[in-house]
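These notes concern the structure reproduced below.
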Amino acid sequence: MCPGACSRVLGAALCPLAVLCAICNVLLFFPNWETQFVHGGGAHLTPEVMYMGGLVGGGLLIVITAIHFQAAGHRGCCGNRCGMFLSMLMAVLGIGGAIYAMTVSGLALVRGPLCQYLLPEGNLSDWGRPFQGPPWKSDDDDDFRKSSYLFHPELWGKCHNPPDVVKFNIILFSLILGGAVLELLLCTVQFFNSCAGCICGPRLRKRPATQH
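For the record, in the sequence shown the residue sitting at position 140 is 140 according to UniProt numbering, with numbers rising by one throughout.
This is the structure in structure tokens:
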């Protein structure tokens, strides 16, 4: 497959991934499908939701990148050196966006959601992150540090408000993380594909001359 055709394929493959990341990020603003938590400047939302890794990094930047890949691919089999060089720069932009989305979603999964959880006295706590730090220390603290809440579904119910926010965040941030990993791979392939296009130069496929 020549660089131009490969660029079009990669651009088309990036679009649904960008849409997936953006939609997941938007849904994260409404934990448990409720709108009340988005009020107050996002004070009751997991901080990584406000960083908009899926909406900006894995969404907007990737859409811009994919559009340019498509445009570069329609300039011929090898396109032109300038177009392919710009496509290489856009691939770097896409790689940056994908890494940003991966970093934000990865941090969100490691740190856990922002929620109200039950204190030992049986009262609800202020808003905090129960899976990040002291609130859930126990006699088996050393063992707890060796494993994450992600692998212990029995702990997920400790977040009482919003309901089921742990599962909600895990699913959506995991989708963003998975989408961003694929975006990173595709943009990396396009970077090297654009390098090949720069070397290939401005050749266009021509029809064989008709004999009279």
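Beta carbons are placed, not taken as given, at the ideal position from N, Cα and C, and that holds for glycine.
- Relative to A18, the option among A66, W33 and P120 whose CA is nearest is A66.
- Contiguous alpha helix (DSSP H) elements confined to the region 39 to 86 occur at 47 to 50 and 61 to 73, taking only those with 4 or more residues.
- Counting the other Cβ atoms within 10 Å of the Cβ of Q190 gives 16 or more, which makes it buried.
- By the neighbour-count definition (other C-beta atoms within 10 Å, threshold 16), C21 is a buried residue.
- When only Cα atoms are considered, N193 and S7 end up about 7 Å apart.
- At least 8 Å separates the beta-carbon of C159 from that of P120.
- Bounds of the alpha helix (DSSP H) holding N25 are P3 to L27.
- Secondary structure note for C115: it is in no beta strand (DSSP E), with a DSSP letter that is neither H nor E.
- Per DSSP, the continuous beta strand (DSSP E) segment holding N161 begins and ends at C159 to N161.
- Around L27, the same chain offers L172 as residues with beta carbons nearer than 8 Å, after the five sequence neighbours per side are excluded.
- Around the beta carbon of C198, 16 or more other beta carbons sit within 10 angstroms, so the residue counts as buried.
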